[in-house]
Every structure is written in C-alpha cells, then in structure tokens.
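> Numbering (UniProt numbering), first residue to last: 1 to 91.
Glycine included, each C-beta is placed from N, C-alpha and C at the ideal position.
In this text the structure is predicted, and so the values were computed from the model without any measurement.
Here's a structure for you.
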Amino acid sequence: MERTTHVSSDGRRRVDAMGPSVIPGWDLVYGHPQDSAQVIRREEGTYALACTLHRHAKALSTQNEERQWRESGGWCPGCVGGLPVDAGGTT
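Pasting the structure below:
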C-alpha cells in the first residue's frame, strides 16, 4: 500500500495520517498491532506512542524515538502494572 505525503509548513515532507488514533484529537501515522501500539501525531511535529489496550500516550521528542521505547517495553504503565484493558490515560 502506497502512502501519500505532503510538505508541511516547515518544509519537511511528512506521511499523511491514516485516520484517527485511539487517543482523541490525535491522528494515526502508523500502527504496530503486534505490540498493541500506534505512532500518533497531533500537529506537524508533535508525536507520541499510544497503547491501544490502555489508551495511554507517551510523548516523543521525535517520530524516530518510538522504536527504542516500543522495543524496550515499560512505556505504558497499564501494561507494566497489569491493569485491565482501557484503564489507562494520556500523558
């Protein structure tokens, strides 16, 4: 599947959002269903990693930072603490 892109106000080319994310007000950039995670964007350069089970969002400095957080685990307090699905919040 080919993704469309656009040139943002800062001159950088960015992938268009796929639609709404699990966090209200944020757009889905791409998902990692096997990890119950989504990379989401609210504004041109504001990214977060979202847990689809607990609806928790971990703010990211850059989009590329998501991989190290996702692979290291522990970024979603609901998953770490064994909370029931949908018991989380956003940060």
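Look at the alpha carbon of V15 and the alpha carbon of Y47, and state the distance between them as a whole number of angstroms.
The alpha-carbon separation between V15 and Y47 amounts to approximately 13 Å.
> Which residue spans inside the stretch 24-50 form an unbroken beta strand (DSSP E) run of at least 3?
27-32 and 37-43
> Helix, strand or coil for V85, going by three-state DSSP, please let me know.
coil
> Taking C-alpha atoms, which residue in E44, M18 and V39 lies nearest to A57?
V39
> Could you say which of W26, R42 and L49 lies nearest to P33 if we only look at CA atoms?
L49
> Does the distance from the C-beta atom of G25 to that of R41 stay below 8 Å?
no
> If I follow the unbroken beta strand (DSSP E) through A17, where does it start and stop?
No beta strand (DSSP E) holds A17; DSSP gives it neither H nor E.
> Compute the Euclidean distance between the alpha carbons of M18 and L53, then round it to the nearest angstrom.
19 Å
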